[in-house]
Structure formats: structure tokens, C-alpha cells
Amino acid sequence: MSDLILEIDSVYAAYGRPRSLFTLGAGGAGRVEALRGVSLSVARGEIFGLLGPNGAGKSTLLACVEGLHQPEAGMVRVAGLPPAQAKGRLGVQLQKAALLDDLTVAELIEVYAALYNAFPSRAQIDDLLARFGLVEQRNRLARHLSGGQQQRVALAVALAADPEIVLLDEPTGALDPQARRVVWDLIRGLHDEGRTVLLTTHAMEEAEALCGRVAIIDQGRIMACGTPASIVAGLEVRPMLKALTELPLDQVRGLPGVHSVRYTGQHLEVETSEPQATLPALQALAARLGRTLGEISLRQPNLEDAFLRLTGRALTA
Amino acid sequence: MRRFLVLTKAILLVHLRERAQLFWNFAFPVFLLVIYAAVFGGDDLASFIAWMVPGIIATNILAFGLISSSTLITEMRTKGVLRRLQASPVPTAHLLGAYLLVNVLSCLLQLALIIVVATLFYGLRVPPANLALAAPWVVVAVLVAVVIGQAVSSVVGSAGAAVVIGQVLYFGQMFITDLIMPIQYMPAWVQRVGPWLPGYAIAQLVRPPLQEGVLSPELGTSLLLAAAYTLVAGLLAARFFKWEARA
């Protein structure tokens, strides 16, 4: 068990209604249960993803690990310590870039490192900036950076004090696809250096591209946990054959390997465990009935399907 | 200690680089000085300036606490910076200490600017002994104003509302607490109410030592009043403080 760096056991967390003088008396009326008995553990050196839609409880779980939110019940241990005592070991990137807009990129690195009692030399700061492609922005104020640059600065800031555990809340949230891939490479780099990364995302492809293990979280509960492939396999989510055609559903249902069939618009969707047997049978059926099969595609199941199967809802609604 | 210094430097830089803050903290008091000297200076400009400059300094301290300082914290809260700081291992006392130190330093810089401008352009003479005597009371005045501003920022939910309430409290006191209008020329009700407001206490802390090199005969009362406001405001600020912006 010694290689477990994060241990989360039966954590319950809730948010009360925000309180101000003007809402006194109404406190508690809007109480939200954000986490309902979450347990998971992360091994040293893993990239672990918390995957779920907005409001699932991902950020609250991260906040419990960061020591920013006190769980109602349950236990969180970071490298064996309560979160409040482990803050110095964490590199944190919040959902908002949370930069002081009127500091330059280099000044931001310096001040956020100092918060952790780390005082990098100029050369060390330059190395970090080079790694994140921020050399040209070194002396620019944060307010003058693009969204992608701010996101990279937030990542660089998270690493300023050389943390062993990096917590990233929606690290590619508002980025375009190209900037997203740059950040993915940077995160893989953290893994290559032996750091542990815990990240949240609502993007299935991000979880599949980056994470060794994933926990699917919805409405404050862990619905499944494991490698992306094992989650998909464990749920018996099957490949999906899709074709533009008009065939009677009851006849398609009888074809080999078929588990379920339906039409979405003019497209027939066939869930099958044996696509290599189903497709020729489907083509033969179409030929026999004098129908055509167009736009044939086969899609392997992924985490998106797993999420749909687990929750009955699409991940990106 | 080194961490504290880096943090203080960063907050000071943020403070000095924000244009709106620069205008209200440094340009506006000079503008006030020029306008008042032009409109009310009259024949006895020297004695008017000697009375008015400490008043503008005290007014600026009040504005700084109620508007600038609380706005800066509110913005840091809104942008998630406070939460990011909370996620770091820095003790809250260090953050608070660095923030208050920056507030005091900024107000001392503002004071220096006002005195330099008044000295160069209006012949003001403030003996160094007066400055030395006034310095600790200026610091006390800054802390009083900043704590009241933080109470507003913490208690009021939204950033916009905090600025409006801060401005109402500031402008409400600007003319009725002996800051830039002598209270003895005010209507009777102002003379009754004004001395109970924090602006009056700040004026009493700052003006007599700067202008005359003496402590106010009302110093004890002013300190008690300031302490009471600071205590209540401090309790409210601590009770309702949030690291994170309300949704």
C-alpha cells in the first residue's frame, strides 16, 4: 500500500447556500450534496482522471484533496497526511487560471514558487518557461496573454515549486483543439518525470488520451473506476454498426451477433458483439429485400458509451 | 521571511500597476488639492493649504480603505486568486500581514506625493518632526479605514454592490467629518453627528500632528471611536470573509 499517494475513503461533501447579511435565515435552503460516499486511491506516478459532466462533483473532490473544502464525513490522505498538512506537496491548477493579472509571467512563477518556500533562480525560471513555450511571454503581463497562454502559465505556476503531486481542474477547459494537444503533451511530460497527476475533465477523449486510470463520477458518486479499456469491457458495451437504410427491425434483430437495433433518423444502429458476422448478414438481408445500405460505419465503444450505459445520460449533453 | 517579502512585493506591484487604482490613489488627491486651492485658496493660501493638505491625506486614507483596498480583495476573490492562495501552504496570517503592509506602504507613498506636490507648488512647509509624529497615527488611520473596507467587501455579496456601498460610505463622510470642510462651519446636526463617524476620527489622528506638530486634544476619544469601529468591522470582515466568489 506504500505506493498509494492519494487515499480517499467514503467522502461526503456538501455546499450550503452562500450566506450574507441579506440571506440570513435562508442558509441551508439551497444545500447541495456534492459528494455522496466517494472512495478511490491513486498510486504514485499515475495520471488519474475524474471524468464526469459539469456539476458531477469532480471539482469538489479535487477541493477536498487540495484542503480547500472540508468533507462532511470520510477521510482524505495525501502522501499519508491530512490535506491541510500536505499543501506543500501539491501543485495546483484551478479551473480559473487565477493569475494576478498585473504581474509578468516570470514574476508569477517567482511569487507562486515563493508561496511554497521555493526560490528558483533566473535560469530555473527560464527553463520552466522554455518547457511551456512561454519564453517570449516572459516579461508580459498576464492580462495581455491569450487564453491558451494563460492556461500554460497556470500549469507552469503549478509546477513552480517542483511538486510531487499535480492537481489539474479542467486543464484544457476552454482551449481550442491545437492548444489542447499542447497541454496534453505537457501533462504526459509530468508523468514521464514520475509525478502523480490527478485531473478532472468532462471530455471523454481527454481521459482516454491521457489517463492510465479513470473514475467516472456522476451526481457525487463514483460509477466506475479502472483503465478506460477495462471500464468499457466491464460494462459489456458493444461495437455499433451504423448504416443509411430501410430494413425492418424485427428481421435485423434475428441476425448473428445482434443485441439491439434502433433507428436514429434514417440511420439504422445495430449494437453487435460480432460485427464481422453481422455486417455480411445485414448486406445479405438488404440484397434479399432489394434495399440499399449506405454510409456504413463501425464504431468501437468508448467511455462516452460507458457513461451513457452507467447513467442513462450523455456525458456531453 | 523571504517568502513574506516576495509576496509583499507581488501585491505591491499589482497594486501599483492597476490603472484605476493609480488614478484614484495618486492622481485624484492631487487633482483635489489643485481644485480646492484654486476655488477656496483665496488670499491666505498658505494657511489654507496647511489645513487642507492633512485633510486631503486623511480623505485619501478613507477612500483607499473603503474603495481601493476592498476592490482589490474583491477582484482577487472574483478571479480565483484568493482561492489559489488558500491552496498554497502560506499561513493566512502571512497573507493578511503582507496585504496590510502593502496597504500601509501605498498610503505612505500617496501621502508623500501629496506633500511633495503641495510643497513644490503651494509653498507647504511640513517640518520633519511633524512627519515623524504623524507617521504612526497615519498607519493607525490606514488600518482603521482598510478594516472597515474589508467588512464591506466581506459582508456584501457582489463586487459591484461592495464598490457602491464603499463609495456611499466614503462620499457620505467626505464633507461632514472635518476632512476637507471645517466642521465648525457646518449645520448643527452635522456638528452633532460628524464626530461620531470614523472619518472624523481619522481626521483627528492625521491632521494635528501633520499641521501643528501636536497630538489632537481629542486623541483619546478618536482612538476609542476608531477602535470600536475597527473591532466591529474586523469581526464582520472575519465572520463573513470568503476565499471564493459566491456563485
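As they're listed, the protein sequences go chains X and C.
Following the working numbering, the residues of the first sequence are numbered contiguously, the last one being 1389.
Following the working numbering, the residues of the second sequence are numbered contiguously, the last one being 1278.
C-beta atoms are modelled at their ideal positions from N, C-alpha and C, and glycine is treated no differently.
Spell out whether any CB of chain C is found under 8 Å from the CB atom of residue i.
i: X/K1314; result: no
i: X/E1179; result: yes
i: X/E1144; result: no
i: X/E1236; result: no
i: X/E1242; result: no
i: X/L1140; result: yes
i: X/G1097; result: Interpretation of X/G1097 is limited by its pLDDT of 46, a score under 50 that renders its predicted location unreliable; the figure taken from the coordinates is listed afterwards. It does not; no Cβ of chain C falls within 8 Å.
i: X/I1080; result: no
i: X/D1377; result: no
Give me the Cα-Cα distance between residue i and residue j, rounded to the nearest whole angstrom.
i: C/I1104; j: C/A1268; result: 12 Å
i: X/V1164; j: X/M1276; result: 22 Å
i: C/S1247; j: C/L1200; result: 24 Å
i: X/P1320; j: X/A1358; result: 10 Å
i: X/L1078; j: X/P1154; result: 10 Å
i: C/W1220; j: C/A1129; result: 40 Å
i: C/L1250; j: X/P1192; result: 48 Å
i: X/I1237; j: X/L1162; result: 5 Å
i: X/G1100; j: C/S1119; result: For X/G1100, the pLDDT reaches just 49, beneath the cut-off of 50, and the residue's location in the model is therefore unreliable, although a value from the coordinates is still provided. Cα-Cα distance, rounded: 29 Å.
i: X/T1344; j: X/T1364; result: 20 Å
i: C/Q1242; j: C/F1272; result: 38 Å
i: X/E1367; j: X/L1316; result: 6 Å
i: C/A1051; j: C/F1202; result: 18 Å
i: C/L1210; j: C/A1192; result: 25 Å
i: X/G1129; j: X/V1254; result: 27 Å
i: X/L1123; j: X/A1296; result: 10 Å
i: X/E1105; j: X/G1088; result: 9 Å
i: X/L1076; j: X/V1114; result: 6 Å
i: C/L1139; j: C/G1086; result: 15 Å
i: C/L1255; j: C/I1233; result: 12 Å
i: X/R1116; j: X/L1231; result: 17 Å
i: X/L1112; j: X/P1373; result: 25 Å
i: X/G1097; j: X/Y1084; result: Unreliable placement is indicated for X/G1097, whose pLDDT of 46 sits below 50; no coordinate value is reported for it.
i: X/H1222; j: C/P1158; result: Checking the sequence shown, residue 1222 of chain X turns out to be Gln, not His. Distance between the alpha carbons of X/Q1222 and C/P1158: 49 Å.
i: X/F1120; j: C/S1184; result: 38 Å
i: C/F1057; j: X/I1197; result: 33 Å
i: C/I1099; j: C/V1245; result: Residue identity differs from the one stated: residue 1099 of chain C is Ser in this sequence, not Ile. Their backbone Cα atoms lie some 30 Å apart in a straight line.
i: X/P1311; j: X/R1371; result: 6 Å
Please check if any C-beta of chain X sits within less than 8 Å of the C-beta of residue i.
i: C/L1136; result: no
i: C/P1120; result: yes
i: C/G1111; result: yes
i: C/A1041; result: yes
i: C/V1194; result: no
i: C/L1262; result: no
i: C/Q1117; result: yes
i: C/V1037; result: yes
i: C/R1034; result: yes
i: C/R1238; result: no
i: C/R1114; result: yes
Quick one: give me the first and last residue of the beta strand (DSSP E) that residue i is part of.
i: X/H1339; result: 1339-1344
i: X/K1314; result: 1312-1316
i: X/T1273; result: 1268-1273
i: X/M1147; result: 1145-1150
i: X/R1285; result: 1285-1290
i: X/M1295; result: 1293-1298
i: X/Q1165; result: 1162-1165
i: X/V1309; result: Unbroken run through X/V1309: none, as it is neither H nor E.
In the DSSP assignment, what are the bridge partners of residue i?
i: C/Y1216; result: Note: C/Y1216 sits in no beta bridge, so no partner.
i: C/M1205; result: None; C/M1205 has no bridge partner.
i: X/T1176; result: X/L1213
i: X/S1369; result: X/K1314
i: X/Y1335; result: X/L1340
i: X/E1079; result: X/S1113, X/R1149
i: X/R1108; result: X/Y1084
i: X/I1237; result: X/L1162, X/T1268
i: X/F1120; result: X/L1270, X/R1285
With respect to the alpha helix (DSSP H) encompassing residue i, which residues constitute its N-terminal and C-terminal limits?
i: X/L1361; result: 1347-1361
i: X/G1329; result: Run containing X/G1329: none; DSSP gives neither H nor E here.
i: X/R1381; result: 1375-1383
i: C/P1085; result: 1076-1094
i: C/H1125; result: 1123-1153
i: C/I1042; result: 1033-1048
Near-chain C residues of the segment 1152-1185 of chain X - C-beta to any C-beta below 8 Å: Contact residues of the segment 1152-1185 of chain X toward chain C are K1159, G1160, L1162, V1164, L1166, Q1167, K1168, A1169, A1170, L1171, L1172, D1173, D1174, L1175, E1179, E1182, V1183, Y1184 (C-beta to C-beta distance below 8 Å).
Residues of the segment 1043-1075 of chain C whose Cβ lies closer than 7 Å to any Cβ of chain X, in chain order: Of all residues in the segment 1043-1075 of chain C, L1044, V1045, R1048, E1049 have a Cβ within less than 7 Å of some Cβ in chain X.
Short-range partners of chain C found in the segment 1186-1215 of chain X, where Cβ spacing is below 7 Å: So the close ones are A1186, L1187, Y1188, N1189, F1191.
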